[in-house]
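Here is the structure we will look at.
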Amino acid sequence: MKVIESYIYIGANRRADVPVIEYLFAFDETELTIPVNAQWQEFSAQLAEVGLELEQVLSDGLGGECCTYFGALYAQAALSLQRAAGHRVKFTQCFAGKGVRHCRVIYEYEEREVGRRAGELAFYLLGQLLPSLEAEFEIIDRSDSWEQLRREFFEYARGRVLPIDTEIIIDAATRASVPCCKLDRFPYETRPEDFRIRRNSALRLGYGRYQHIVDSTFCVDRCSNLLPLLCHRASLLGLLHECGLPTPVLDPESSRLTTLSRASRAAARIGYPVVVKPTEKSGRQAISVAVADHEALALAVERVRRLGSGVWLEQHIAGREYRVVIANRHYLGTVALNPSCSGEVKNPHPSLIAHAQRVAEALDVGILVLTYVTIDIYKPIEQTGGAFVDLDLAPRLDDFLDPDSSLMRAAAEGLVHWLFPRGDRSRIPLVAVTGTNGKTTTSRMIHAILRHAGLSPGLACSEGLYLPDNSTLAQGDLAGVFGHLQLLGSPDIGSAVLETARGAVAKWGFGFDHCDVGVCLNVTEDHLQDSGIETLQDLTDLKRSIVSRARGAVVLNADNPACVSMLPFDDSQRVTLTSTEKTLQLLQGAHPDCDCFTLVERIDGRDHVVIYDRGCRVPVVALADIPATFDGAARHNVSNALHACCACYLLQVDISAIRSGISSFIMSFENTPGRMNIYGELPFQFILDYAHNPNGVSEFCRFIEQLKVNGRKIVAFSAAGYNPLEITRGNAQALAGYFDQYYCFNFLGNIEKGYDHVPGCLRDALIDSGVPAEGVAVRETGMDALEEILSQAAEGDLVVFLSGRRDRKQLWERVLETGRGRVTVHRSE
15 MKVIESYIYI GANRRADVPV IEYLFAFDET ELTIPVNAQW QEFSAQLAEV GLELEQVLSD
75 GLGGECCTYF GALYAQAALS LQRAAGHRVK FTQCFAGKGV RHCRVIYEYE EREVGRRAGE
135 LAFYLLGQLL PSLEAEFEII DRSDSWEQLR REFFEYARGR VLPIDTEIII DAATRASVPC
195 CKLDRFPYET RPEDFRIRRN SALRLGYGRY QHIVDSTFCV DRCSNLLPLL CHRASLLGLL
255 HECGLPTPVL DPESSRLTTL SRASRAAARI GYPVVVKPTE KSGRQAISVA VADHEALALA
315 VERVRRLGSG VWLEQHIAGR EYRVVIANRH YLGTVALNPS CSGEVKNPHP SLIAHAQRVA
375 EALDVGILVL TYVTIDIYKP IEQTGGAFVD LDLAPRLDDF LDPDSSLMRA AAEGLVHWLF
435 PRGDRSRIPL VAVTGTNGKT TTSRMIHAIL RHAGLSPGLA CSEGLYLPDN STLAQGDLAG
495 VFGHLQLLGS PDIGSAVLET ARGAVAKWGF GFDHCDVGVC LNVTEDHLQD SGIETLQDLT
555 DLKRSIVSRA RGAVVLNADN PACVSMLPFD DSQRVTLTST EKTLQLLQGA HPDCDCFTLV
615 ERIDGRDHVV IYDRGCRVPV VALADIPATF DGAARHNVSN ALHACCACYL LQVDISAIRS
675 GISSFIMSFE NTPGRMNIYG ELPFQFILDY AHNPNGVSEF CRFIEQLKVN GRKIVAFSAA
735 GYNPLEITRG NAQALAGYFD QYYCFNFLGN IEKGYDHVPG CLRDALIDSG VPAEGVAVRE
795 TGMDALEEIL SQAAEGDLVV FLSGRRDRKQ LWERVLETGR GRVTVHRSE
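Counting from 15, one number per residue, gives the positions in the sequence shown under our numbering.
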């Protein structure tokens, strides 16, 4: 048995809306039957120890082959191990893979490392049932005993359990459609020295400028002024006293008691019995109640001092202890803590509720809990001598409320509604852009339009993260979950454009739960036989999973058959189509369910972008006024512009802002590095572009064909080595016949990964396509090819360089250096 593929998805993904781990297993012919031997009984018992009933798994109608049994057993074992450690997970899936002896297994995890370790331990268990696993798939040192491995796993996993009240808050946010990120989980990192109210409880609720950070049940950003009060008893009781609530009798020296003698004198002044507490509240309370004499006082003081804390004394209040829960500045309920009177108290005396409401109105906090002690909660406070002895601004609700408590749910909902009152936003407008070619350019176009519309957009793309002022937040290929999460966590943005690449989604999942508009530019053969994507249909399905997360509208390219094949979508999603080739009548006839189209139409002798919305015709901008289209000659950028204009229109951006934004967008190296960058300060014309697959190269050649060139046409290009051979050859075949001289080189990534065959493959494909052998040269790197081209290109020539992503900056700087030298090059006769 071998692992063919493995993925650890961070959040929602193509398989599920929860984080999952996925394996694709392959078995050989000797592993097709489960041996029912002496190990079976022991194996079944070990699974039962973690809550998994073996017979139930085998009776789920899964068929009799070992690979199917193995997948179900493995997924259930990994899940049950996590559940036994306190992690609340439930989703598994098992189905046939791409071969008859392949099995794809998926199981949910809550914390990444716990999920991974649970999978390792599940392998250990299954290795006892299938001896071949032990020989062929070593993960854990099998010299360790099951008891030892289980103990080590539980010790690790239990320290990373999500608090129940945190989980309830997440559920409340989900019901309110408030986006939520767990900041104590990968890819976020918290350092041990960071101040924390409670581990495993940090959440970011909301996107961009609307976000709030919650630690435990406390909103850190909105209540930062109250942070010093979280643990300071004197200040908390002082707040209660200011609100007119009865509190225990204190001694004037209560906050400065450092020795037993001082504590003894304070106790005498207060009068026994007293309560002894640490001055600062902490997880280790060391509280002594009803201390009745000096001897007991000495023991209590010693307990407190062992914590390294000062000593706090207050009057002992006789009676039972109750927790009074307040959320969103409203009284919710009261819970009795004593065994003789446990659970929620129905109809406490109105005086208690009135006092609680005064605190609620005085403190702007999402959730707070008062501790109240009284002999009779059904009588007025003034009659019972009851008092409020504590105030918790960051209560751990799961310390005194059951997980299924309605009061717990109400408190969580109150916190969410306090952060995001009805009518307030928690989300920012999001546009997700995917496709095989044109993603980065289209995303930058949308970013430019939204900037002109004043929507303070952020941009995540393959070049990095950009803020509303176009400054760089981070550099690198961030067109996936890691870039999306980082951008959406920026408080500077009021909207976001998310380039969403295939690889990131396939390997890591989504960085957002929903978007407003999903755009798919095209789907063509590229990146096949990678990340479980074998065919064009697989790639189409993956990209459809991206745009299907749009709650508002889906924008598809009607000129691309794969995009059209994605139809239909959910009735709640408005599907819009774009086309540079088809007429309105043709599209309406083919797609009667669509009522919005973005097309190219001629107005007053010039081609324009025109939107048809439910029969209303909206001219947007002339192609000649969109610099990126080169007066309409760059048809791929015409298509990109149509998608950008349509997406912004569906976000209800004003037409004037769309027009000004797209008209300001220029294909410079600074704006769109490596994409249609034209340098005109040399005797010959130089174009740097990123066309790197057959479809992209073909579209680029359509543009080149329209240029007037007096001299030779020279091109340098490569192809990604991970693609099947026919796709690699396709780059050369698409270029064949358009140029006079060809330079085949290798991308830096190809060289590092050992794809040495690429330049030779391209050369052979050119020659097979009719290009003379003397017109083809092979060079090791792009820089090697560029140096030779710069030395040979003559006045009037056109030089096209289709570079890789990593070396484009160096190549461009070398061209600029040559231009600054103002070298005059003449054609040799």
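In this text, a Cβ means the ideal position worked out from N, Cα and C, and glycines have one as well.
Contact set for residue i: own chain, Cβ-Cβ below 8 Å, skip 5 residues either direction
i	result
R822	P687, G688, L702 and Y704
I284	V263, L264, D265, L327, E328 and Q329
S476	K453, T454, D491, L492, A493, E513, A515 and R819
C257	H369, R372, V373 and A376
C715	A748, L749 and Y752
Residue i, DSSP secondary structure in three states
i	result
Q299	coil
A661	helix
N737	coil
R218	strand
D483	coil
D74	Since pLDDT at D74 reaches only 46, below the 50 mark, its modelled position is unreliable, and the value read off the structure follows with that caveat. Coil.
D778	helix
S509	strand
R620	strand
N51	Its pLDDT being 49, under 50, N51 is placed unreliably by the model, and the measurement read from it follows with that caveat. N51: coil per DSSP, three-state reduction.
Q397	helix
I765	helix
R320	coil
E294	strand
L271	strand
Q489	strand
A642	helix
R631	strand
Cβ-based neighbour list, residue i, same chain, cut-off 6 Å, excluding 5 preceding and 5 following
i	result
Q107	I120
Q747	A779 and S783
T538	T450 and N709
S323	P292, T293 and E294
S487	Note that residue 487 corresponds to Leu in the displayed sequence, not to Ser. Answer for L487: L479 and L481, listed in chain order.
I211	D229, S230, F232 and A408
A30	F105
S20	Y37
Q570	It is Leu, not Gln, that sits at residue 570 in the sequence shown. Excluding positions up to five away in sequence, the list reads C534, C577 and L591.
Check whether residue i and residue j have beta carbons under 7 Å apart
i	j	result
F315	V325	Residue identity check: residue 315 is Val in the sequence provided, not Phe. Yes, these two residues count as a Cβ contact at 7 Å.
A642	N651	yes
N737	G810	no
A572	T554	no
A510	A671	no
F414	V349	yes
D530	A26	no
A518	S545	no
G129	Y138	no
D584	L411	no
L197	R218	yes
L640	I676	Note that residue 640 is Ile in the sequence shown, not Leu. For I640 and I676, yes; Cβs fall inside 7 Å.
L591	L601	yes
P201	F496	yes
A648	F717	yes
G523	Y23	yes
A59	A92	no
W826	F683	yes
Assumed close pair residue i, residue j - CB separation to whole angstroms, cut-off 8 Å
i	j	result
A300	L313	Not a contact, Cβ separation roughly 11 Å.
I442	G503	With 8 Å as the limit, I442 and G503 do not qualify as a contact, their Cβ atoms being about 12 Å apart.
F535	H461	Note on residue identity: the sequence assigns Leu, not Phe, to residue 535. At roughly 15 Å, the Cβ-Cβ gap does not stay under 8 Å, so L535 and H461 are not in contact.
R223	P505	6 Å
G400	L346	Contact doesn't hold; Cβ gap of about 19 Å is too wide.
Beta-carbon contacts of residue i that lie in its chain and below 7 Å, excluding the five residues immediately before and after
i	result
E203	none
C237	V379
I287	In the sequence on display, residue 287 carries Pro and not Ile. So the qualifying residues of the chain are A304, V305, A306 and H330.
V785	A750 and Y756
Cutoff 7 Å: residue i Cβ touching any chain B Cβ
i	result
L243	Among the protein chains of the structure shown there is no chain B, as only one such chain exists.
Completely contained beta strand (DSSP E) runs for the region 405-469, where each covers 3 or more residues: Qualifying beta strand (DSSP E) stretches, in chain order: 444-448.
Tell me the start and end of each unbroken alpha helix (DSSP H) in the region 495-576 that is at least 4 residues and wholly inside, in chain order. 495-502, 516-522 and 550-561
Runs of alpha helix (DSSP H) lying entirely within the region 693-731, each at least 4 residues, in chain order: 708-718
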